[in-house]
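For reference, the structure is listed below as C-alpha coordinates.
Numbering (my numbering), first residue to last: 187 to 589.
Given below as C-alpha coordinates:
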(Lines of atoms letter the chains of each structure in order from A and count residues from 1; the text may use other names and numbers.)
(Lines give C-alpha, C1' and ligand atoms only; values in the text may rest on other atoms or scores of the structure.)
Protein backbone atom coordinates (compact mmCIF):
# COMPACT_ATOMS: atom_id res chain seq x y z
CA UNK A 1 0.00 0.00 0.00
CA UNK A 2 1.52 3.32 -1.03
CA UNK A 3 1.92 6.24 1.34
CA UNK A 4 -0.68 9.02 1.19
CA UNK A 5 -0.68 12.70 2.14
CA UNK A 6 -3.30 15.38 2.56
CA UNK A 7 -3.90 17.15 -0.76
CA UNK A 8 -5.28 20.30 0.86
CA UNK A 9 -8.24 20.04 -1.51
CA UNK A 10 -11.51 19.34 0.30
CA UNK A 11 -13.26 17.22 -2.32
CA UNK A 12 -10.09 15.21 -3.06
CA UNK A 13 -8.79 14.34 0.41
CA UNK A 14 -5.64 12.24 0.61
CA UNK A 15 -3.46 11.63 -2.47
CA UNK A 16 -0.32 9.52 -3.08
CA UNK A 17 2.76 11.02 -1.51
CA UNK A 18 4.60 11.46 -4.83
CA UNK A 19 1.70 13.32 -6.54
CA UNK A 20 1.72 17.12 -6.83
CA UNK A 21 -0.91 19.85 -6.66
CA UNK A 22 -0.72 22.75 -9.16
CA UNK A 23 -2.99 25.65 -10.01
CA UNK A 24 -4.67 25.66 -13.40
CA UNK A 25 -2.58 28.56 -14.65
CA UNK A 26 0.51 26.35 -14.30
CA UNK A 27 -1.24 23.30 -15.79
CA UNK A 28 -3.36 24.61 -18.67
CA UNK A 29 -2.69 27.05 -21.48
CA UNK A 30 -5.64 29.13 -22.73
CA UNK A 31 -5.98 29.07 -26.52
CA UNK A 32 -7.57 31.67 -28.75
CA UNK A 33 -7.28 30.39 -32.29
CA UNK A 34 -8.41 32.49 -35.27
CA UNK A 35 -11.62 31.54 -37.08
CA UNK A 36 -11.61 30.45 -40.71
CA UNK A 37 -14.40 31.43 -43.12
CA UNK A 38 -15.14 27.77 -43.84
CA UNK A 39 -15.51 26.80 -40.16
CA UNK A 40 -18.75 25.29 -38.90
CA UNK A 41 -19.91 25.57 -35.29
CA UNK A 42 -18.60 23.16 -32.68
CA UNK A 43 -20.57 22.33 -29.53
CA UNK A 44 -19.49 20.68 -26.28
CA UNK A 45 -22.34 18.36 -25.33
CA UNK A 46 -23.24 17.19 -21.82
CA UNK A 47 -22.09 13.64 -22.53
CA UNK A 48 -18.59 15.06 -23.07
CA UNK A 49 -18.52 14.84 -26.86
CA UNK A 50 -16.96 17.89 -28.53
CA UNK A 51 -17.85 17.89 -32.20
CA UNK A 52 -19.47 19.82 -35.02
CA UNK A 53 -23.07 20.32 -33.97
CA UNK A 54 -24.21 19.02 -37.36
CA UNK A 55 -22.66 15.67 -36.41
CA UNK A 56 -25.31 15.35 -33.71
CA UNK A 57 -28.36 16.89 -35.32
CA UNK A 58 -29.19 19.04 -38.33
CA UNK A 59 -31.94 21.34 -37.01
CA UNK A 60 -33.27 23.06 -33.91
CA UNK A 61 -30.26 25.36 -33.48
CA UNK A 62 -30.17 28.99 -32.50
CA UNK A 63 -28.15 30.82 -35.16
CA UNK A 64 -26.08 33.81 -34.05
CA UNK A 65 -26.50 36.86 -36.26
CA UNK A 66 -23.21 38.32 -35.04
CA UNK A 67 -20.47 35.89 -34.07
CA UNK A 68 -18.76 38.15 -31.54
CA UNK A 69 -15.77 36.63 -29.81
CA UNK A 70 -15.88 33.36 -31.76
CA UNK A 71 -12.72 31.27 -31.69
CA UNK A 72 -11.22 28.45 -33.73
CA UNK A 73 -10.99 24.89 -32.41
CA UNK A 74 -8.72 22.13 -33.69
CA UNK A 75 -8.99 18.34 -33.24
CA UNK A 76 -7.34 17.41 -29.94
CA UNK A 77 -8.14 20.67 -28.15
CA UNK A 78 -9.36 20.35 -24.55
CA UNK A 79 -12.74 22.09 -24.27
CA UNK A 80 -14.74 23.10 -21.18
CA UNK A 81 -18.28 24.47 -21.50
CA UNK A 82 -18.49 27.63 -19.41
CA UNK A 83 -22.17 27.17 -18.51
CA UNK A 84 -22.75 23.41 -18.72
CA UNK A 85 -19.39 22.23 -17.39
CA UNK A 86 -21.11 21.33 -14.10
CA UNK A 87 -23.01 18.58 -15.98
CA UNK A 88 -19.92 17.05 -17.59
CA UNK A 89 -19.68 19.16 -20.74
CA UNK A 90 -15.92 18.70 -20.86
CA UNK A 91 -14.09 16.85 -23.61
CA UNK A 92 -11.56 16.76 -26.41
CA UNK A 93 -12.56 18.01 -29.84
CA UNK A 94 -12.74 15.56 -32.73
CA UNK A 95 -13.26 18.31 -35.33
CA UNK A 96 -11.99 21.57 -36.76
CA UNK A 97 -14.46 24.41 -36.36
CA UNK A 98 -15.44 27.51 -34.40
CA UNK A 99 -17.29 28.21 -31.18
CA UNK A 100 -18.71 31.03 -29.14
CA UNK A 101 -16.65 32.31 -26.18
CA UNK A 102 -18.81 30.22 -23.83
CA UNK A 103 -16.36 27.38 -24.57
CA UNK A 104 -12.98 27.58 -22.87
CA UNK A 105 -10.37 26.00 -25.15
CA UNK A 106 -7.09 24.83 -23.65
CA UNK A 107 -3.84 22.99 -24.25
CA UNK A 108 -1.62 21.28 -21.66
CA UNK A 109 1.68 19.45 -21.35
CA UNK A 110 -0.13 16.86 -19.20
CA UNK A 111 -2.16 13.99 -20.64
CA UNK A 112 -5.25 15.80 -21.96
CA UNK A 113 -7.52 12.86 -21.33
CA UNK A 114 -6.34 12.66 -17.72
CA UNK A 115 -7.09 16.37 -17.26
CA UNK A 116 -10.48 15.84 -18.94
CA UNK A 117 -11.38 13.05 -16.48
CA UNK A 118 -10.10 15.11 -13.56
CA UNK A 119 -12.27 18.08 -14.59
CA UNK A 120 -15.29 15.83 -15.05
CA UNK A 121 -14.73 14.45 -11.56
CA UNK A 122 -14.74 18.05 -10.34
CA UNK A 123 -18.10 18.51 -12.07
CA UNK A 124 -19.58 15.32 -10.61
CA UNK A 125 -18.49 16.43 -7.12
CA UNK A 126 -20.25 19.81 -7.51
CA UNK A 127 -17.03 21.85 -7.47
CA UNK A 128 -18.17 23.91 -10.47
CA UNK A 129 -21.69 24.39 -9.12
CA UNK A 130 -20.18 25.93 -5.99
CA UNK A 131 -18.44 28.50 -8.21
CA UNK A 132 -21.73 29.66 -9.81
CA UNK A 133 -22.36 33.39 -9.59
CA UNK A 134 -25.34 33.77 -11.95
CA UNK A 135 -29.04 33.21 -11.35
CA UNK A 136 -29.51 30.61 -14.10
CA UNK A 137 -30.70 27.35 -12.56
CA UNK A 138 -28.51 24.27 -13.11
CA UNK A 139 -25.70 26.23 -14.62
CA UNK A 140 -22.24 27.50 -13.72
CA UNK A 141 -19.90 30.27 -14.80
CA UNK A 142 -16.59 28.65 -15.70
CA UNK A 143 -14.44 31.42 -17.11
CA UNK A 144 -10.70 31.03 -17.59
CA UNK A 145 -9.93 33.11 -14.50
CA UNK A 146 -11.70 30.51 -12.34
CA UNK A 147 -10.23 27.48 -14.09
CA UNK A 148 -6.77 29.03 -13.75
CA UNK A 149 -7.05 29.23 -9.96
CA UNK A 150 -8.45 25.75 -9.33
CA UNK A 151 -6.11 23.08 -7.92
CA UNK A 152 -5.17 20.17 -10.18
CA UNK A 153 -3.96 16.86 -8.76
CA UNK A 154 -1.11 15.55 -10.90
CA UNK A 155 0.70 12.21 -10.88
CA UNK A 156 3.68 11.73 -13.19
CA UNK A 157 2.95 11.80 -16.92
CA UNK A 158 3.65 8.07 -17.12
CA UNK A 159 1.11 7.35 -14.38
CA UNK A 160 -1.41 9.70 -16.02
CA UNK A 161 -1.14 7.58 -19.17
CA UNK A 162 -1.72 4.42 -17.14
CA UNK A 163 -4.69 5.97 -15.32
CA UNK A 164 -6.33 6.98 -18.59
CA UNK A 165 -5.97 3.43 -19.92
CA UNK A 166 -7.39 2.01 -16.68
CA UNK A 167 -10.32 4.44 -16.65
CA UNK A 168 -11.25 3.76 -20.26
CA UNK A 169 -10.91 0.00 -19.87
CA UNK A 170 -13.15 0.00 -16.78
CA UNK A 171 -15.72 2.52 -17.96
CA UNK A 172 -16.08 0.88 -21.38
CA UNK A 173 -17.33 -2.25 -19.61
CA UNK A 174 -19.78 -0.17 -17.59
CA UNK A 175 -20.89 1.63 -20.76
CA UNK A 176 -21.58 -1.74 -22.39
CA UNK A 177 -23.82 -2.68 -19.45
CA UNK A 178 -25.60 0.68 -19.65
CA UNK A 179 -26.14 0.24 -23.40
CA UNK A 180 -27.62 -3.20 -22.81
CA UNK A 181 -30.06 -1.91 -20.19
CA UNK A 182 -30.94 1.07 -22.40
CA UNK A 183 -31.71 -1.33 -25.27
CA UNK A 184 -34.07 -3.19 -22.95
CA UNK A 185 -35.79 0.09 -22.10
CA UNK A 186 -36.20 0.94 -25.80
CA UNK A 187 -37.77 -2.48 -26.43
CA UNK A 188 -40.24 -1.87 -23.58
CA UNK A 189 -41.08 1.59 -24.99
CA UNK A 190 -41.61 0.10 -28.45
CA UNK A 191 -43.86 -2.60 -27.01
CA UNK A 192 -45.82 0.01 -25.04
CA UNK A 193 -46.32 2.10 -28.16
CA UNK A 194 -47.46 -0.88 -30.25
CA UNK A 195 -49.83 -1.95 -27.45
CA UNK A 196 -51.45 1.49 -27.26
CA UNK A 197 -51.71 1.79 -31.06
CA UNK A 198 -53.33 -1.64 -31.31
CA UNK A 199 -55.90 -0.90 -28.59
CA UNK A 200 -56.87 2.63 -29.72
CA UNK A 201 -57.24 1.66 -33.40
CA UNK A 202 -58.40 -1.98 -33.26
CA UNK A 203 -60.05 -2.32 -29.85
CA UNK A 204 -59.93 -5.29 -27.48
CA UNK A 205 -61.88 -7.91 -29.42
CA UNK A 206 -59.76 -9.53 -32.16
CA UNK A 207 -62.85 -11.19 -33.68
CA UNK A 208 -64.99 -8.07 -34.15
CA UNK A 209 -66.04 -7.25 -37.76
CA UNK A 210 -63.79 -4.57 -39.31
CA UNK A 211 -64.16 -1.79 -41.88
CA UNK A 212 -61.79 0.50 -43.75
CA UNK A 213 -61.13 3.68 -41.73
CA UNK A 214 -60.42 5.73 -44.86
CA UNK A 215 -57.07 6.74 -43.36
CA UNK A 216 -54.05 4.98 -44.86
CA UNK A 217 -51.90 4.93 -41.71
CA UNK A 218 -54.77 3.70 -39.52
CA UNK A 219 -56.06 0.94 -41.77
CA UNK A 220 -59.10 -1.03 -40.64
CA UNK A 221 -61.09 -0.25 -37.49
CA UNK A 222 -64.01 -2.05 -35.79
CA UNK A 223 -67.16 -1.76 -37.89
CA UNK A 224 -69.19 -0.11 -35.10
CA UNK A 225 -66.63 2.65 -34.48
CA UNK A 226 -66.71 6.15 -36.00
CA UNK A 227 -63.97 8.29 -37.52
CA UNK A 228 -64.29 11.92 -36.39
CA UNK A 229 -62.06 14.92 -37.13
CA UNK A 230 -60.40 16.42 -34.06
CA UNK A 231 -62.18 19.77 -34.54
CA UNK A 232 -65.40 18.00 -33.44
CA UNK A 233 -63.74 16.19 -30.52
CA UNK A 234 -62.37 19.14 -28.54
CA UNK A 235 -61.98 22.90 -28.54
CA UNK A 236 -58.50 24.21 -29.29
CA UNK A 237 -56.68 27.24 -27.93
CA UNK A 238 -53.14 28.25 -27.01
CA UNK A 239 -51.55 29.61 -23.86
CA UNK A 240 -50.62 33.26 -23.40
CA UNK A 241 -47.61 33.09 -21.06
CA UNK A 242 -43.94 33.46 -21.93
CA UNK A 243 -40.93 31.72 -20.41
CA UNK A 244 -40.00 34.89 -18.53
CA UNK A 245 -43.23 34.57 -16.52
CA UNK A 246 -41.87 31.51 -14.71
CA UNK A 247 -41.28 31.94 -10.99
CA UNK A 248 -39.92 29.02 -8.93
CA UNK A 249 -41.94 30.29 -5.96
CA UNK A 250 -45.18 30.77 -7.94
CA UNK A 251 -48.29 29.02 -6.61
CA UNK A 252 -49.70 27.84 -9.98
CA UNK A 253 -48.33 25.17 -12.35
CA UNK A 254 -46.94 26.66 -15.55
CA UNK A 255 -46.83 24.20 -18.45
CA UNK A 256 -44.19 24.81 -21.11
CA UNK A 257 -43.04 22.91 -24.24
CA UNK A 258 -41.51 19.99 -22.34
CA UNK A 259 -42.33 17.47 -19.61
CA UNK A 260 -40.93 19.97 -17.08
CA UNK A 261 -43.54 21.80 -15.01
CA UNK A 262 -42.59 25.35 -14.07
CA UNK A 263 -44.54 27.66 -11.73
CA UNK A 264 -45.88 31.21 -11.99
CA UNK A 265 -47.90 33.71 -10.00
CA UNK A 266 -51.15 33.66 -11.97
CA UNK A 267 -53.34 31.21 -13.78
CA UNK A 268 -55.09 31.58 -17.12
CA UNK A 269 -57.03 28.32 -17.37
CA UNK A 270 -59.12 26.14 -15.11
CA UNK A 271 -60.44 22.64 -15.72
CA UNK A 272 -59.37 19.58 -17.68
CA UNK A 273 -57.07 19.98 -20.63
CA UNK A 274 -54.61 18.10 -22.83
CA UNK A 275 -51.46 20.07 -23.67
CA UNK A 276 -49.36 19.69 -26.83
CA UNK A 277 -46.10 21.48 -27.65
CA UNK A 278 -46.64 23.68 -30.69
CA UNK A 279 -43.03 24.05 -31.78
CA UNK A 280 -39.46 23.37 -30.76
CA UNK A 281 -37.81 20.01 -30.25
CA UNK A 282 -40.98 18.57 -28.70
CA UNK A 283 -43.38 19.82 -31.39
CA UNK A 284 -46.45 17.58 -31.59
CA UNK A 285 -45.66 15.83 -28.33
CA UNK A 286 -48.37 15.56 -25.69
CA UNK A 287 -46.72 16.02 -22.31
CA UNK A 288 -49.59 16.72 -19.91
CA UNK A 289 -53.20 15.93 -19.03
CA UNK A 290 -54.06 18.69 -16.56
CA UNK A 291 -56.84 19.84 -14.26
CA UNK A 292 -57.40 22.63 -11.76
CA UNK A 293 -55.91 26.12 -12.14
CA UNK A 294 -52.79 26.53 -14.27
CA UNK A 295 -50.96 28.66 -16.86
CA UNK A 296 -49.80 27.58 -20.32
CA UNK A 297 -46.93 28.77 -22.53
CA UNK A 298 -47.98 30.74 -25.62
CA UNK A 299 -46.48 28.07 -27.92
CA UNK A 300 -48.47 25.24 -26.32
CA UNK A 301 -51.88 24.08 -27.59
CA UNK A 302 -54.61 23.38 -25.05
CA UNK A 303 -57.45 20.98 -25.90
CA UNK A 304 -60.57 21.13 -23.72
CA UNK A 305 -64.37 20.75 -23.60
CA UNK A 306 -64.18 17.16 -24.89
CA UNK A 307 -66.95 15.38 -26.79
CA UNK A 308 -67.25 11.76 -27.91
CA UNK A 309 -63.87 10.77 -26.40
CA UNK A 310 -62.70 10.21 -22.84
CA UNK A 311 -59.82 12.74 -22.40
CA UNK A 312 -57.50 10.15 -20.82
CA UNK A 313 -58.02 7.76 -23.73
CA UNK A 314 -57.65 10.67 -26.15
CA UNK A 315 -54.29 11.49 -24.57
CA UNK A 316 -53.13 7.90 -25.22
CA UNK A 317 -54.33 8.26 -28.82
CA UNK A 318 -52.58 11.58 -29.44
CA UNK A 319 -49.34 10.53 -27.77
CA UNK A 320 -48.99 7.59 -30.10
CA UNK A 321 -50.51 8.69 -33.38
CA UNK A 322 -50.07 12.44 -33.81
CA UNK A 323 -46.40 11.94 -34.70
CA UNK A 324 -47.64 10.33 -37.92
CA UNK A 325 -49.31 13.59 -38.92
CA UNK A 326 -46.13 15.47 -38.01
CA UNK A 327 -44.18 13.23 -40.38
CA UNK A 328 -46.71 13.77 -43.16
CA UNK A 329 -47.33 17.49 -42.83
CA UNK A 330 -44.92 19.26 -40.49
CA UNK A 331 -43.90 22.72 -41.62
CA UNK A 332 -40.52 22.41 -43.34
CA UNK A 333 -38.69 24.93 -41.20
CA UNK A 334 -35.51 24.82 -39.15
CA UNK A 335 -37.61 24.16 -36.03
CA UNK A 336 -40.62 21.83 -36.48
CA UNK A 337 -44.00 23.36 -35.72
CA UNK A 338 -47.61 22.26 -35.46
CA UNK A 339 -50.11 24.19 -37.57
CA UNK A 340 -53.72 24.53 -36.40
CA UNK A 341 -55.21 22.78 -39.48
CA UNK A 342 -53.01 19.74 -38.76
CA UNK A 343 -54.78 19.40 -35.41
CA UNK A 344 -58.26 20.28 -36.65
CA UNK A 345 -58.16 17.70 -39.45
CA UNK A 346 -56.51 14.97 -37.38
CA UNK A 347 -58.65 11.80 -37.65
CA UNK A 348 -59.71 10.16 -34.38
CA UNK A 349 -61.04 6.60 -33.97
CA UNK A 350 -64.07 6.88 -31.67
CA UNK A 351 -65.45 3.73 -29.97
CA UNK A 352 -68.71 3.70 -27.99
CA UNK A 353 -68.43 5.20 -24.49
CA UNK A 354 -68.69 1.91 -22.57
CA UNK A 355 -65.98 0.37 -24.77
CA UNK A 356 -63.74 3.37 -24.19
CA UNK A 357 -63.87 2.74 -20.44
CA UNK A 358 -62.87 -0.92 -20.89
CA UNK A 359 -60.02 0.09 -23.23
CA UNK A 360 -58.84 2.67 -20.74
CA UNK A 361 -58.87 0.14 -17.91
CA UNK A 362 -56.76 -2.30 -19.92
CA UNK A 363 -54.34 0.37 -21.14
CA UNK A 364 -53.88 1.90 -17.69
CA UNK A 365 -53.12 -1.48 -16.12
CA UNK A 366 -50.72 -2.66 -18.81
CA UNK A 367 -48.89 0.63 -19.42
CA UNK A 368 -48.45 1.23 -15.70
CA UNK A 369 -46.84 -2.20 -15.44
CA UNK A 370 -44.51 -1.41 -18.36
CA UNK A 371 -43.65 1.97 -16.82
CA UNK A 372 -42.70 0.24 -13.55
CA UNK A 373 -40.36 -2.09 -15.46
CA UNK A 374 -38.82 0.92 -17.24
CA UNK A 375 -38.38 2.78 -13.93
CA UNK A 376 -36.51 -0.20 -12.43
CA UNK A 377 -34.15 -0.29 -15.41
CA UNK A 378 -33.67 3.50 -15.32
CA UNK A 379 -32.64 3.16 -11.68
CA UNK A 380 -30.15 0.49 -12.70
CA UNK A 381 -28.65 2.86 -15.30
CA UNK A 382 -28.39 5.64 -12.70
CA UNK A 383 -26.51 3.30 -10.36
CA UNK A 384 -24.16 2.24 -13.16
CA UNK A 385 -23.52 5.90 -14.06
CA UNK A 386 -22.77 6.65 -10.43
CA UNK A 387 -20.42 3.66 -10.27
CA UNK A 388 -18.62 4.94 -13.38
CA UNK A 389 -18.21 8.37 -11.79
CA UNK A 390 -16.85 6.83 -8.60
CA UNK A 391 -14.32 4.84 -10.64
CA UNK A 392 -13.07 8.01 -12.32
CA UNK A 393 -12.86 9.80 -8.95
CA UNK A 394 -10.88 6.97 -7.34
CA UNK A 395 -8.39 6.88 -10.21
CA UNK A 396 -7.79 10.64 -10.61
CA UNK A 397 -7.38 11.15 -6.87
CA UNK A 398 -5.08 8.18 -6.36
CA UNK A 399 -7.48 6.19 -4.17
CA UNK A 400 -7.37 3.38 -6.72
CA UNK A 401 -3.90 2.33 -7.82
CA UNK A 402 -3.18 1.29 -11.39
CA UNK A 403 -1.48 -2.07 -11.72
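Ideal Cβ positions, reconstructed from N, Cα and C, are used throughout, including at glycine.
Less than 8 angstroms divides the Cβ of residue 234 from the Cβ of residue 276.
If you check the CB distance, residue 254 and residue 290 do not come in under 8 angstroms.
Shown here for residue 587: same chain residues with a beta carbon closer than 7 angstroms to its own, the five before and five after excluded, namely 188 in chain order. Apart from sequence neighbours up to five positions away, the residues of its chain that approach residue 260 with a beta-carbon distance below 8 angstroms are 219, 279 and 282, ordered along the chain.
Short of 6 angstroms from the beta carbon of residue 417, and not among the five residues preceding or following it, lie these beta carbons of its own chain, in chain order: 530. In this chain, residue 240 is not harboured by any alpha helix (DSSP H), its DSSP state being neither H nor E.
Following the DSSP letters along the chain, one finds residue 540 inside the alpha helix (DSSP H) bounded by residues 539-582. Under the DSSP assignment, residue 314 falls in the alpha helix (DSSP H) whose first and last residues are 313-316. Taking the Cα positions, residue 307 is about 45 angstroms away from residue 499. Nearest to residue 385 by alpha-carbon distance, out of 364, 411 and 370, is 411.
One thing to note: residue 535 has its Cβ no nearer than 8 angstroms to the Cβ of residue 382. Counting only the Cα atoms, residue 582 lies some 12 angstroms from residue 200. Bounds of the beta strand (DSSP E) holding residue 424 are 421-424. The beta-bridge partner set that DSSP reports for residue 190 consists of 202. Between residue 387 and residue 359, the alpha-carbon positions lie close to 42 angstroms from each other.
Exclusion of the five residues before and after residue 257 leaves 218, 219, 221, 284, 285, 287 and 291 as the residues of its chain whose Cβ lies within less than 7 angstroms of its Cβ. Of all alpha-carbon atoms in 414, 485, 450 and 422, the one lying nearest the alpha-carbon of residue 444 is that of 485. Residue 577 sits close to residue 356, with the two beta carbons spaced by under 8 angstroms. DSSP, reduced to helix, strand and coil, places residue 363 within a helical segment of the structure shown. Rounded to whole angstroms, residue 556 and residue 547 show a C-alpha spacing of 14 angstroms. Residue state for residue 399 is assigned as coil, using DSSP reduced to three classes. In this structure, DSSP gives residue 306 a helical state, which the three-state scheme calls helix.
Separation of residue 379 and residue 373 (C-alpha to C-alpha, rounded to the nearest whole angstrom) is 10 angstroms. Residue range 214-216 is occupied by the beta strand (DSSP E) that includes residue 216, with no alpha helix (DSSP H) assigned at that position.
Short of 7 angstroms from the beta carbon of residue 343, and not among the five residues preceding or following it, lie these beta carbons of its own chain, in chain order: 296 and 297.
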